[in-house]
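K.L.:
Next up is a structure, given as structure tokens.
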Amino acid sequence: MTNHWIDYQHSDVIMSIGLNTAENHPVSMKWIDKAREKGGKFIVVDPRVTRSAAVADIYAPIRPGTDIAFLGGLINYAIERGLYHEEYVKHYTNASYLINPAFKFEAGVFSGLDDSKYDKDTWTYQTDAQGNVKKDPSLSDPNCVFQLLKKHYSRYTVDAVVKTTGCPRSAYLAVAETFCATGRPGKAGNINYAMGITQHTYGSQNVRAIAVLQLLLGNMGIAGGGVNAQRGESNVQGSTDLAMLYHIIPGYNPCPSAAAHPTWADYKAKTTPAAGYWINRPKFVASMLKAWYTDAAPGNDFRYDYLPKLDAKNRSHLGIFDEMYAGRVKGFFAWGQNPAVGGANAGKERAALAKLDWLVAIDLFETETAGFWKRPGVHSKTIGTEVFLLPAANSYEKQGTISNSGRWIQWRYEAVHPPGEAKSDLWIADKLFRAIRNAYTAGGAFPEPIQKMNWNYGGGDLDEPDIIKVAVEINGYTVADGKPIAGFGVLAEDGSTACGCWIYAGYYNDLNDPPAKRRSRVDASGLGMYHNWSFAWPANRRIVYNRASCDPAGRPWNPNLALFRWDGGQWIQNDVPDFAAGVAPEESAQRPFIMLAEGQGLLFSSAMADGPFPEHYEPWESPVKNPISAQQTNPVLFDFSLPGELAEVGSADFPYVATTYRVCEHWQSGIMTRNSPWLNELMPEMFVELSPELAAQKGIKNGDRVAIISKRGRIRAIACVTSRLKALSVSGRRVEVIGLPWHWGYAGFSTGDSANLLTPSVGDANTQIPEYKAFLCDIRSTPVDMKEDDINER
Amino acid sequence: MSGDMMLIDVTRCTACRGCQTACKDWNQLPAEQTRFTGSYENPSDFTANTWTRVAFNEVVNGGTMSWYFAKLQCMHCDDPICAAVCPRQALYKTEFNVALDYDRCNGCGFCQVFCPYEVPRVNHALKKMFKCFMCWDRVLAEKRPACVSACPTGALQFGFEKDLLPAAERRVAELRRGGKPRAQLYGAGIGRVLYVLGDVPEAYKLNPDPVPMLGGQVVELALRPLQALAVAGIAAKVIMDRVDQGEEQ
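So the protein lines, in turn, are chains H and Z. Positions 1418 to 2211 (the numbering used here) are the ones given, in order, by the first sequence. Positions 186 to 434 (the numbering used here) are the ones given, in order, by the second sequence.
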């Protein structure tokens, strides 16, 4: 999130698109209700009437996978009617930048498409002889970003949006009018989203579309605004901050690549921009290496050669399972993850597990992944994988931090001891590391990265390591005296500082009163910032890009919600400034988006793999031809599917659009919640939601057991026939949408078929996140006695 | 005592059902074995182990559909018919709830038959009645009932009538101004549970015409022959049971 939960109370309009905030983030409704008490409006865009939609002021139905059409239409609506925040756009975005005249967009693709990859040579700025970017402050040059943006989205007319998304015109216009009204200076619009936005073959561009709209309306950097990713797990923010992802190392630094960055010099040269805050990247990464290797120094390139580097293969979730399925992965740690239920095309992922020599599952219960070898319909004799199950402590049975969606790093204490032999993740990691290092004493290839790793967290043979020592390492310390650093400003590229994750610097900078443990209810800002309640990265800043909350002269756009005000000689501050506070406001106004080389919000961005502007494509499986362009799907999506796994466009065998989601009562793959009888009482069984019209056509009655079939698998579920789903009119035809919760599997107290047996192995062009949210299926009324192995396996 | 009234503002309810689970947790009530029958609502009725539950109701009206939620529980009537009909005088009224003396209760079920909200339920094995007791142990310890403390949105509040009633009236006026012309109070003057509704009571599966007063009971019974029959049946069974017991003694 650019903002935080409490800040929702300041919004004039809150639009939830691609998330079900009331069901999956229940406490959010407290702050949304506070905004509504002050006259704020709550918009929900969703294929179904969810419990969020039920309490919304405006509900807009949408066909799964058409968010860019919906958001692009809002961009067009704001531009056409002059509802955008003109002064903000002129000063704080790259609207005025002139783009290479060779840049083109034709027939749904951008210039430079070569096979399944874009050559970005034309996605560039025009520069003068000195290398400065050419600009047109009047925003009228046909090659300026604003004019290109306007032209691009002029195709997203209300008619085109309605035809593509299936959203009824009246509902769409109500959303457009209400949300675009936040473009007025002094008004705040908040867009929040979750996996309904990201889990598409163009999921990253869905997020970009939100960002572009928010920049146009001047909603970034202000109280009540923002692009707010609501995290679906309590600490998933922390897990990405600390780089539990293949493409980054801690603090959102790129993962080194063997081909592109064989040396420290290459890494620095190729990943450090010429301008923007990331010019400090070498200091951050050098300090991280210093934390990991005590002898890291400029003379040995900070032991950069010890870092593992990406090879030419795709190492995303889909990529790993594709390799595993091909028999090229020997061992696998499923650590708090349950791919047998949560993985896309789970039938393939279950089959892949059987190709492993060994599998270590670390969890609270025996998951479907841990027990894949004894699942219904398989013969365990045929599976050679050796499985180890390590019992883990849950989050209340150990201490540590949870980083919430608003970037608040909050310390949690151990409430109860873990049961039986269950251990904290830190304990397990510590013993594992010691055992591996010990094994290297007998020899092995390239032992130095393991043997020389700094591993001084205490903890003996069976003792719990000292988590405070880990916290201080993440926070960073000065090498000379071991004292925690105050913040990342002191980090250096000379071996004098060590810091595990630069953005966390400051969260544990005082051993006696660590900010992450602070719980002061005093709010000096009067705006709900609570700077002494935990610590928000970066630098305890509660709203990022906050220079943009004031005009160039330093006057707040909304004086009633002033994050800052220039009083003629200095800034009156209600948040930690995200800009140089020691210079005149006109100077800091040049760089309100300090992380970027441009210093300005990017309406046009060359950073994306699939285009500088978000463009609507159809999901990999779709009932219709793309109504917006001739390009059916994202030309650079990642396709890990096996032959025969794709239903063709408009398939007669698989005519319905399916989407997957979670319910309030269960969580993720259900491993924690399906083992809780009280929660099973509330949501006892796998179900499928469908409209009364589709049910009538198929001879399905509410409560019937039915079968749902895709090109990848078949499952059973109980029919929930409900008016909350309605056929949508798309390109002149009726498109039925069915909904599937993905919580169930064959382990635990409440068992049921997994929705992910139906989902495809295709991923987003930038992140390779799988397309869980839109695919084709059929639904049939079937006899109850379908054979298990007929259903669970292809 | 932390209060004498619960306010249920259904217009703030998102049906997360934290209240249902918090009730089971605090009162250590076992889970029901339920099935998914085509609605999120579960369990579908009160039992001796389910003292509160959220009703879900889909209403389609001229092309627009509404999905209504309401927490259902004992209304804790000021003039409780359950207590009036209890042959053992086991039920009694306090400032904030209708309480039960378990030593006196013999599970006869009179209360269950007469309650216009069908709240009390008898555990026949234990021969005791069970229902919401407004977490009397928490309230007397200056805490809010478990369901209220679990509610994330403030749909459930606990406090004193002198504060909650005017707040509820203001909320109804605000809802009416804000496009909910049928917004209304429900339960005012009946007992210790007050509702703010956004629509008519039936839309929330609330009895639109509860008859909690003993005075109206005879007339009501005449209009409700089935209930009358049930009462007669239970009365007969109670008498027979007593006869049996007498014989055993």
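Ideal Cβ placement from N, Cα and C applies to all residues, glycine included.
#1: Return helix, strand or coil for Tyr-1684 of chain H, following the three-state DSSP convention.
#2: Is it a yes or a no for the segment 1860–1870 of chain H touching the segment 1829–1849 of chain H, going by three-plus beta-carbon pairs under 8 Å?
#3: Is Trp-236 of chain Z close to chain H? Criterion is C-beta to C-beta, closer than 8 Å.
#4: Applying a beta-carbon distance threshold of less than 9 Å, which residues of chain Z neighbour Thr-1689 of chain H?
#5: Does the pairing of the segment 277–287 of chain Z with the segment 315–331 of chain Z give three or more beta-carbon distances under 8 Å?
#6: With H, G and I counted as helix, E and B as strand and the rest as coil, what does DSSP make of Cys-1584 of chain H?
#7: Report yes or no: is there a C-beta of chain H within less than 8 Å of the C-beta of Phe-345 of chain Z?
#8: Can you pull the chain Z residues whose beta carbon is under 8 Å from the beta carbon of Asp-2056 of chain H, in chain order?
#9: I'd like to know if the segment 1986–1997 of chain H and the segment 2021–2040 of chain H are in contact, where contact means that at least 3 CB-CB pairs between them fall below 8 Å.
#10: Specify whether the segment 239–247 of chain Z and the segment 2138–2156 of chain H touch according to this definition: at least 3 beta carbon pairs, one from each stretch, less than 8 Å apart.
#11: On the criterion of 16 or more Cβ atoms from any shown chain inside 10 Å, does Pro-1976 of chain H qualify as buried, or is it exposed?
#12: Compile a chain-ordered list of the residues in the segment 192–226 of chain Z whose CB is closer than 9 Å to at least one CB of chain H.
#13: Please confirm whether Gln-1827 of chain H and Ala-1675 of chain H have their CB atoms less than 8 Å apart.
#14: Under 8 Å, Cβ to Cβ, is there at least one residue of chain Z near Asp-1424 of chain H?
#15: Would you call Trp-1775 of chain H buried or exposed, if buried means 16 or more other Cβ atoms sit within 10 Å of its Cβ?
#16: Going along the chain, which residues of its own chain have a beta-carbon closer than 6 Å to the beta-carbon of Tyr-1494 of chain H, five neighbours each way excluded?
#17: Applying the 10 Å Cβ sphere with the 16-neighbour rule, what's the burial state of Ile-1696 of chain H?
#18: Which residue comes first and which comes last in the beta strand (DSSP E) that contains Pro-1754 of chain H?
#19: On the DSSP letters alone, give me the boundaries of the beta strand (DSSP E) that Met-314 of chain Z sits inside.
#20: Rounded to whole angstroms, what's the CA-CA distance from Gly-1719 of chain H to Asp-1898 of chain H? Just pull it up for me.
#21: To the nearest angstrom, how far is the alpha carbon of Arg-2211 of chain H from that of Ile-2132 of chain H?
#22: Going by the CB atoms, is the gap between Phe-2055 of chain H and Val-2179 of chain H shorter than 8 Å?
#23: Does DSSP classify Asp-1429 of chain H as helix, strand or coil?
#24: Between Pro-1618 of chain H and the rest of its own chain, which residues show a CB-CB distance below 6 Å, the 5 nearest in sequence each way excluded?
#25: Counting pairs of beta carbons, one from the segment 1485–1503 of chain H and one from the segment 2004–2019 of chain H, are three or more of them closer than 8 Å?
#26: Classify Leu-257 of chain Z as buried or exposed, calling it buried when 16 or more other Cβ atoms lie within 10 Å of its own Cβ.
#27: Can you check whether the C-beta of Gly-400 of chain Z is within less than 8 Å of a C-beta belonging to chain H?
#28: Between the segment 1433–1467 of chain H and chain Z, which residues of the former have CB atoms less than 8 Å from a CB of the latter, in chain order?
#29: Looking at the structure shown, is Glu-2106 of chain H part of a helix, part of a strand, or coil, going by DSSP?
#30: Cα-Cα, which of H:Leu-2059, H:Glu-2065, H:Ser-2022 and H:Asn-1871 is closest to Val-2041 of chain H?
#31: With 8 Å set as the bound, which would you pick, yes or no: does the beta-carbon of Val-1472 of chain H sit closer than that to a beta-carbon of chain Z?
#32: Going by CA-CA distance only, name the one from H:Ser-1966, H:Thr-1688, H:Thr-1802 and H:Ser-1656 that's closest to Gly-1817 of chain H.
#33: Listing by chain order, which chain H residues have their CB less than 7 Å from the CB of Thr-338 of chain Z?
#34: Per DSSP, which residues does Glu-2212 of chain H bridge with? Please list them.
#35: Looking at chain Z, is there any beta carbon in it that lies within less than 8 Å of the beta carbon of Trp-1974 of chain H?
#36: Flag this pair as yes or no: are the beta carbons of Pro-1679 of chain H and Met-1705 of chain H separated by less than 8 Å?
P.N.:
This is what the structure gives:
#1: Reading the first sequence from its first residue, position 267 is the one you call residue 1684 of chain H. For Tyr-1684 of chain H, the three-state secondary structure derived from DSSP is helix.
#2: no
#3: Along the second sequence, read from residue 1 onward, the residue named residue 236 of chain Z stands at position 51. For Trp-236 of chain Z, the answer is no, since every Cβ of chain H falls outside 8 Å of its Cβ.
#4: Locating residue 1689 of chain H in the first sequence gives position 272, where the first residue counts as 1. Correct list: empty, because the minimum Cβ distance to chain Z is about 44 Å.
#5: yes
#6: Working through the first sequence from its first residue, we reach residue 1584 of chain H at position 167. Reduced to three states, the DSSP call for Cys-1584 of chain H is coil.
#7: Position 160 of the second sequence, counted from the start, is the residue given in the question as residue 345 of chain Z. No, Phe-345 of chain Z lies away from the interface with chain H (no Cβ there is under 8 Å from its Cβ).
#8: Sequence index remark: in the first sequence, residue 2056 of chain H carries index 639 (1-based). Result: empty, since nearest Cβ-Cβ is about 35 Å, beyond 8 Å.
#9: no
#10: These segments touch.
#11: By one-based count along the first sequence, residue 1976 of chain H stands at place 559. Flag for Pro-1976 of chain H reads exposed.
#12: Thr-196, Arg-197, Cys-198, Thr-199, Ala-200, Cys-201, Arg-202, Gly-203, Gln-205, Thr-206, Lys-209, Asp-210, Leu-214, Pro-215, Ala-216, Glu-217, Gln-218, Thr-219, Arg-220, Phe-221, Thr-222, Gly-223, Ser-224 and Tyr-225
#13: Position 410 of the first sequence holds residue 1827 of chain H. Position 258 of the first sequence holds residue 1675 of chain H. No, they are not a contact pair.
#14: The residue you call residue 1424 of chain H lines up with position 7 of the first sequence. By this cut-off, Asp-1424 of chain H is not an interface position.
#15: Working through the first sequence from its first residue, we reach residue 1775 of chain H at position 358. Under this definition Trp-1775 of chain H is an exposed residue.
#16: One-based indexing of the first sequence puts residue 1494 of chain H at position 77. Cβ within range, chain order: Ala-1593 and Cys-1597.
#17: Here residue 1696 of chain H is taken as the residue at index 279 of the first sequence, counted from 1. Burial call: exposed.
#18: Along the first sequence, one-based indexing puts residue 1754 of chain H at 337. Just to set this straight, residue 1754 of chain H is Gln in the shown sequence, not Pro. Gln-1754 of chain H -> no beta strand (DSSP E), and no H or E assigned at all.
#19: Against the second sequence, residue 314 of chain Z aligns to sequence position 129. Per DSSP, Met-314 of chain Z belongs to the beta strand (DSSP E) from 313–315.
#20: Locating residue 1719 of chain H in the first sequence gives position 302, counting from the first residue. Locating residue 1898 of chain H in the first sequence gives position 481, counting from the first residue. As written in the sequence, residue 1719 of chain H is Phe, which differs from the Gly given in the question. Phe-1719 of chain H and Asp-1898 of chain H have their C-alpha atoms spaced approximately 19 Å apart.
#21: Against the first sequence, residue 2211 of chain H aligns to sequence position 794. Against the first sequence, residue 2132 of chain H aligns to sequence position 715. A caution first: Arg-2211 of chain H carries a pLDDT of 42, below 50, which makes its placement in the model unreliable, though a value can still be read off. Going by the C-alpha atoms only, they are around 11 Å apart.
#22: The sequence position of residue 2179 of chain H within the first sequence is 762, counting from 1. The sequence position of residue 2055 of chain H within the first sequence is 638, counting from 1. Going by C-beta atoms, Val-2179 of chain H is nearer than 8 Å to Phe-2055 of chain H.
#23: Within the first sequence, numbered from 1, the residue matching residue 1429 of chain H stands at position 12. Correct three-state label for Asp-1429 of chain H: coil.
#24: Position 201 of the first sequence holds residue 1618 of chain H. Rather than Pro, the amino acid found at residue 1618 of chain H in this sequence is Thr. Around Thr-1618 of chain H: Trp-2037, Asn-2051, Leu-2054, Val-2179, Asp-2181 and Glu-2188.
#25: no
#26: Position 72 of the second sequence, counted from the first residue, corresponds to residue 257 of chain Z. Buried, since its Cβ has 16 or more Cβ neighbours within 10 Å.
#27: Counting from 1 along the second sequence, the entry for residue 400 of chain Z is found at position 215. Residue confidence for Gly-400 of chain Z is low, a pLDDT of 46 falling below 50, so the modelled location carries little weight and cannot support an answer.
#28: Ala-1439, Glu-1440, Pro-1443, Val-1444, Met-1446, Lys-1447, Asp-1450 and Val-1466
#29: The residue given as residue 2106 of chain H occupies position 689 in the first sequence. Looking at Glu-2106 of chain H - three-state DSSP - the assignment turns out to be strand.
#30: Here residue 2041 of chain H refers to the residue found at position 624 of the first sequence. Of all alpha-carbon atoms in H:Leu-2059, H:Glu-2065, H:Ser-2022 and H:Asn-1871, the one lying nearest the alpha-carbon of Val-2041 of chain H is that of H:Glu-2065.
#31: The residue you call residue 1472 of chain H lines up with position 55 of the first sequence. Yes, its Cβ sits closer than 8 Å to a Cβ of chain Z.
#32: Within the first sequence, the letter at position 400 stands for residue 1817 of chain H. Of the candidates H:Ser-1966, H:Thr-1688, H:Thr-1802 and H:Ser-1656, the one whose C-alpha sits nearest the C-alpha of Gly-1817 of chain H is H:Ser-1656.
#33: Against the second sequence, residue 338 of chain Z aligns to sequence position 153. In chain order: Met-1446, Lys-1447 and Asp-1450.
#34: For chain H, the structure presents residues 1418 to 2211; residue 2212 of chain H sits outside this window and is missing.
#35: Indexing the first sequence from 1 puts residue 1974 of chain H at position 557. No, no contact with chain Z.
#36: Within the first sequence, numbered from 1, the residue matching residue 1679 of chain H stands at position 262. Within the first sequence, numbered from 1, the residue matching residue 1705 of chain H stands at position 288. No; because the gap between Cβ atoms is not below 8 Å, this pair is not in contact.
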